[in-house]
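Chains as they are written, first to last, in the working numbering: chain A, 1 to 60; chain B, 1 to 265. Presented below is the structure to which this report refers.
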Amino acid sequence: MDVPVESLESMIPSHLLREESAPLPEVSEIEVVRHYTHLSQRNFGVDTGFLSARFLHYEV
Amino acid sequence: MCNGVTSLTDLDAAVGPGTAAVVVQQPNFFGSVEDMRAIEPIAHKGKMLFVSVITEPASLGILAPPGSYNADVAVGELMSFGNTMSFGAPALGFMAAKQKFVRLIPGRLVGQTVEEGGKKQTGYVLTLQTREQHIRRERATSNICTNQSLLAVGATIFLAALGKQGFRELGELCLQKAHYAFRQITAIPGFEAVFSGPFFNEFVIKVSGSLTKLQQHFVQASIIGGYPLCESYPGMDDCMLFCVTETRTKEDIDLLVRVLNEVRM
Chain A
1 MDVPVESLES MIPSHLLREE SAPLPEVSEI EVVRHYTHLS QRNFGVDTGF
51 LSARFLHYEV
Chain B
1 MCNGVTSLTD LDAAVGPGTA AVVVQQPNFF GSVEDMRAIE PIAHKGKMLF
51 VSVITEPASL GILAPPGSYN ADVAVGELMS FGNTMSFGAP ALGFMAAKQK
101 FVRLIPGRLV GQTVEEGGKK QTGYVLTLQT REQHIRRERA TSNICTNQSL
151 LAVGATIFLA ALGKQGFREL GELCLQKAHY AFRQITAIPG FEAVFSGPFF
201 NEFVIKVSGS LTKLQQHFVQ ASIIGGYPLC ESYPGMDDCM LFCVTETRTK
251 EDIDLLVRVL NEVRM
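Here it is in structure tokens:
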């Protein structure tokens, strides 16, 4: 934080603030990178294998 | 409106038997934080739906989320989650609803399951897709016409990298920087606050001089200045909406304040 900090409650009344943190994962950056890199490699497509016309069914 | 937020008495008078839903943006167009808990009982009179619109999702790092004030539907914009501005596009949005409305949501729902036997791997399947997508064709309510999956994955990775603490800090950065800018700007004679209520990272400033002259100074200093409210709100011709996000530094804000000081001189 490069600006002078004021208390949260002085800016926003406490009844408008969230009571609990958002339910987000608590993981390291490398774990995030590994997870999504792994997911990207599980995708099957013409870059990774044989792709017949049967796979090209595309719904709009 | 009353002091930059929804007037509860006006809202109460406006809703009636013919009202389908009450839609409230949080924080609203002026950046002011609405008291959604006070609006909720009015929005739930009769069979009305209470819809919450979140155009700046970073605000959810510190502000109460739609579920906590009993909103039926929450919709919003997610560009600020790790996506680029790219001159206004592409963008992605989100839509969430209470469980009882799930079958009315357009689109498809992907469910998570576990494989039977063997490795018990996690799998994802299309749990809910309306038949009309296959048989009603152009008359269907839920066709998927554009695919913003890449942006959605980007936003998901952004949130995973931030985590619980980081997401809260994102909200605090926006809030603290915007309030610093607000204090600096309103300290300059000729620039005054229009509303006195709480705001997140946008605020309205009334300018005593010419807005056109101000815009010219912004251009000379390579700044895209505030949004002139005359374009959206007649009667607020001398007002400008400012926004400060986590991407702005103290130096950026100080430069803006310097330019505003020069205009005054």
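Glycine included, every Cβ here is placed at the ideal spot set by N, Cα and C.
Could you check whether the Cβ of residue i sits closer than 7 Å to any Cβ belonging to chain A?
i, result
"residue 180 of chain B", "yes"
"residue 71 of chain B", "no"
"residue 213 of chain B", "no"
"residue 249 of chain B", "yes"
"residue 4 of chain B", "no"
"residue 33 of chain B", "yes"
"residue 123 of chain B", "no"
"residue 38 of chain B", "no"
"residue 206 of chain B", "no"
"residue 234 of chain B", "no"
"residue 90 of chain B", "no"
"residue 163 of chain B", "yes"
"residue 65 of chain B", "yes"
"residue 198 of chain B", "yes"
"residue 177 of chain B", "yes"
"residue 159 of chain B", "yes"
"residue 62 of chain B", "yes"
"residue 167 of chain B", "yes"
Confirm, please, whether the CB-CB distance from residue j to residue i is below 7 Å.
i, j, result
"residue 264 of chain B", "residue 188 of chain B", "yes"
"residue 82 of chain B", "residue 155 of chain B", "yes"
"residue 24 of chain A", "residue 159 of chain B", "yes"
"residue 243 of chain B", "residue 192 of chain B", "no"
"residue 72 of chain B", "residue 45 of chain B", "no"
"residue 7 of chain B", "residue 200 of chain B", "no"
"residue 43 of chain B", "residue 74 of chain B", "no"
"residue 207 of chain B", "residue 254 of chain B", "no"
"residue 163 of chain B", "residue 26 of chain A", "yes"
"residue 161 of chain B", "residue 32 of chain A", "yes"
"residue 185 of chain B", "residue 36 of chain A", "no"
"residue 19 of chain B", "residue 1 of chain B", "no"
DSSP puts residue i in a beta bridge; with which residues?
i, result
"residue 266 of chain B", "Any property of residue 266 of chain B remains undetermined from this structure, which presents chain B solely from 1 to 265."
"residue 94 of chain B", "B/76"
"residue 111 of chain B", "B/125"
"residue 174 of chain B", "Answer is none; residue 174 of chain B lacks a bridge partner."
"residue 25 of chain B", "B/53"
"residue 2 of chain B", "B/5"
"residue 192 of chain B", "B/206"
"residue 63 of chain B", "A/17"
"residue 227 of chain B", "B/241"
"residue 32 of chain B", "B/199"
Just checking: is the beta-carbon of residue i within a distance shorter than 7 Å of some beta-carbon in chain B?
i, result
"residue 34 of chain A", "no"
"residue 18 of chain A", "yes"
"residue 3 of chain A", "yes"
"residue 30 of chain A", "no"
"residue 41 of chain A", "no"
"residue 9 of chain A", "no"
"residue 14 of chain A", "no"
"residue 51 of chain A", "no"
Thinking residue i and residue j are a contact (beta carbons under 8 Å), I'd like their distance in whole angstroms, please.
i, j, result
"residue 179 of chain B", "residue 20 of chain A", "That belief does not hold up - the Cβ atoms of residue 179 of chain B and residue 20 of chain A are roughly 24 Å apart, past 8 Å."
"residue 110 of chain B", "residue 126 of chain B", "6 Å"
"residue 177 of chain B", "residue 246 of chain B", "7 Å"
"residue 211 of chain B", "residue 228 of chain B", "5 Å"
"residue 249 of chain B", "residue 2 of chain A", "6 Å"
"residue 197 of chain B", "residue 4 of chain B", "6 Å"
"residue 8 of chain A", "residue 17 of chain A", "7 Å"
"residue 90 of chain B", "residue 77 of chain B", "Incorrect: roughly 12 Å between the Cβ atoms, too far for contact."
"residue 221 of chain B", "residue 259 of chain B", "5 Å"
"residue 166 of chain B", "residue 190 of chain B", "The Cβ separation is near 39 Å, so there is no contact."
"residue 61 of chain A", "residue 51 of chain A", "Nothing about residue 61 of chain A can be read from this structure; chain A reaches only from 1 to 60."
The stretch 51-71 of chain B / the stretch 14-33 of chain B touching (three or more Cβ pairs under 8 Å): yes
Inter-stretch contact (C-beta, 8 Å, three-pair minimum) for the stretch 18-28 of chain B and the stretch 37-53 of chain B: yes
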